[in-house]
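K.L.:
Supplied in structure tokens, the structure appears directly below.
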Amino acid sequence: MFELTKKDDDTYHFILKAKNGQIILSSELYSSKGAAENGIESVKKNSVEDIRYERKTAKDGRFYFNLKSSNGQVIGSSQTYTSESGMENGIASVKKNASNATKTAM
1 MFELTKKDDD TYHFILKAKN GQIILSSELY SSKGAAENGI ESVKKNSVED IRYERKTAKD
61 GRFYFNLKSS NGQVIGSSQT YTSESGMENG IASVKKNASN ATKTAM
């Protein structure tokens, strides 16, 4: 499920949750609700392609990933994981959950 939230500064942000309620992807801030909704559609479209995932290692050695659109722009980022396999499980969860996820406004 995607949760779309309006922030106090009139920006918008969305998260993607797995069926168990865990946050598996967070967006950047968007200047309008329409732009955030376009971001959600971009996640749905791009999440099925493995090439769209940029696997990264943070300075502290933990792992995370970015999901990128076809133009290379980051549309969502994961939490950090203690293992590479945990990160790969997170990617698999986004692939499984994003394309058919519903959207709710918070």
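Take the sequence shown: its position 46, counted from the start at 1, is 46 in full-length UniProt numbering, and no numbers get skipped. We put the CB at the ideal spot given by N, CA and C, even for glycine.
Return the residue from the list I40, Y64, T80, T57 that minimises the CA-CA distance to M1.
P.N.:
Residue numbering aside, residue 1 sits at position 1 when the sequence shown is read from its first letter. Closest by alpha carbon: I40.
K.L.:
Considering only residues of the same chain and omitting the five flanking positions on each side of L29, which have a CB-CB separation below 8 Å?
P.N.:
The residue you call residue 29 lines up with position 29 of the sequence shown. Excluding positions up to five away in sequence, the list reads K7, T11, Y12, H13.
K.L.:
How many angstroms separate the CA atom of F65 from the CA atom of S78?
P.N.:
Reading the sequence shown from its first residue, position 65 is the one you call residue 65. Reading the sequence shown from its first residue, position 78 is the one you call residue 78. Their Cα atoms are separated by approximately 6 Å.
K.L.:
Check each candidate in N38, N46, K68, V48 and name the one with the smallest Cα separation from K56.
P.N.:
As a first step, residue 56 must be located in the sequence shown, where it is residue number 56. The shortest Cα separation from K56 among N38, N46, K68, V48 belongs to K68.
K.L.:
Would you mind reading off the limits of the beta strand (DSSP E) that contains N46?
P.N.:
Taking the first residue of the sequence shown as position 1, residue 46 is located at position 46. Per DSSP, N46 belongs to no beta strand (DSSP E); it is in the alpha helix (DSSP H), 33 to 46.
K.L.:
DSSP three-state call for N100: helix, strand or coil?
P.N.:
On the sequence shown, position 100 is the one that residue 100 refers to. It is coil, neither helix nor strand.
K.L.:
Do S27 and R52 have their C-beta atoms within less than 9 Å of each other?
P.N.:
As a working mapping, residue 27 is identified with position 27 in the sequence shown. As a working mapping, residue 52 is identified with position 52 in the sequence shown. Against a cut-off of 9 Å, the Cβ pair of R52 and S27 comes out as no contact.
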